[in-house]
Every structure is written in C-alpha cells, then in structure tokens.
C-alpha cells in the first residue's frame, strides 16, 4: 500500500486504555496511517460507526476489550456493513479461546486482517493493515448507507 492509499484508509481504533489508545494513534501515524479515529469502548465505537457519513475501512480493536462487548461490536459491524475489515491489536493469548468465533465473522464484505502486537511496530502494521483495500471515494457526496436519508 502506497503513502496515498495509507492516508485514505479510515481506521477506527477501539481500546479501553486511554494511554494505549493514544500510543496506537501515534504508532499508526509513524507507519503513515493518519486518517485514524479513537473510541474508548465498544459503545462509543458503535455510535461513531453508525453516525459517520463516510464508512470506515478498518476497525482495529484491542484484545484487552471485554470479550462479550468485542463480539457484539464485531457482529454489529459485520451485520450492517459498517466497515470492510477488522484487526486485533495486543496479546492474542488473552482471547485465544474466542479466535475461532472472531475469525468466523469474516465474509465477502467483512474480512479479518490479522493481529498486531502492542506496542505497534510500523513494519508490522504495514504487513497486517496493508492488506486492506480502501473504499474508492468519489469527489461528490459520500455513499449512502442503509437508514440514511438524502437530506442528511
């Protein structure tokens, strides 16, 4: 993925630890991903995903999130096509028992990119997140999603 594609890739980062969230934003910037947005919990992430006019390309979730909330978040994202990809950041051992379920959420419109360790390393970010193909954006109005009215 070239620098222009990285900058166009919209990433929502979900982490319940504020320091880790800020560190992830910084590390992604170091890797060339500047179109990043924070969410401190799954509810905040869902609100952002539903309210945005431009869909996210990637939802990057911390493995430190409560597993029930993480499952619900990813199911909702998959069901309503709120993002095209998801990835996990952190210690996989913390959610090893749930990896089968989490990776089963992938489908034609929602794919699992993989896991990156924390603290994030730019080359590892590129290896995992670089698999994503950003939405092709037109210069006009953003694409309409289900439930959106033209007057919005």
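Residue numbers (the numbering used here): 92 to 243. Ideal Cβ positions, reconstructed from N, Cα and C, are used throughout, including at glycine.
Same chain, Cβ closer than 8 Å to residue i, five either side skipped, listed in chain order
{"i": "residue 94", "result": "123"}
{"i": "residue 116", "result": "104, 127 and 129"}
Residue closest to residue i, alpha-carbon to alpha-carbon, out of the options
{"i": "residue 189", "options": "117, 160 and 100", "result": "160"}
{"i": "residue 109", "options": "148, 128 and 96", "result": "128"}
{"i": "residue 179", "options": "220, 221 and 206", "result": "206"}
{"i": "residue 165", "options": "116, 221, 202 and 208", "result": "202"}
{"i": "residue 200", "options": "218, 222, 170 and 132", "result": "170"}
{"i": "residue 174", "options": "136, 92, 114 and 96", "result": "136"}
{"i": "residue 158", "options": "97, 113, 192 and 226", "result": "192"}
{"i": "residue 196", "options": "181, 217, 226 and 162", "result": "162"}
{"i": "residue 226", "options": "138, 113 and 144", "result": "144"}
{"i": "residue 177", "options": "142, 114 and 223", "result": "223"}
{"i": "residue 167", "options": "140, 96, 155 and 219", "result": "140"}
{"i": "residue 134", "options": "114, 156 and 194", "result": "156"}
Own chain, CB closer than 6 Å to residue i, minus 5 neighbours either side, in chain order
{"i": "residue 243", "result": "A caution first: residue 243 carries a pLDDT of 46, below 50, which makes its placement in the model too unreliable to give a value."}
{"i": "residue 132", "result": "107"}
{"i": "residue 92", "result": "221"}
Residue span of the beta strand (DSSP E) that contains residue i, given as start and end
{"i": "residue 153", "result": "147–153"}
{"i": "residue 127", "result": "127–130"}
{"i": "residue 103", "result": "102–105"}
Span of the alpha helix (DSSP H), counted from its first residue to its last, around residue i
{"i": "residue 120", "result": "109–121"}
{"i": "residue 98", "result": "94–99"}
{"i": "residue 140", "result": "133–142"}
Contacting residues, own chain, Cβ-Cβ under 7 Å from residue i (five flanking each side not counted)
{"i": "residue 111", "result": "153 and 209"}
| task | Run through the segment 157–240 for me and flag every whole beta strand (DSSP E) of 3 or more residues, listed as ranges in chain order. | result | Complete beta strand (DSSP E) runs here, min 3: 174–180 and 202–207.
| message | Below 8 Å, how does it come out for the segment 210–225 and the segment 184–192: are there three or more Cβ pairs, yes or no? | response | no
| Are three or more beta carbon pairs between the segment 125–139 and the segment 95–104 nearer than 8 Å? | yes
| task | Evaluate contact between the segment 112–122 and the segment 137–148, counting only Cβ atoms and requiring at least three cross-stretch pairs below 8 Å. | result | no
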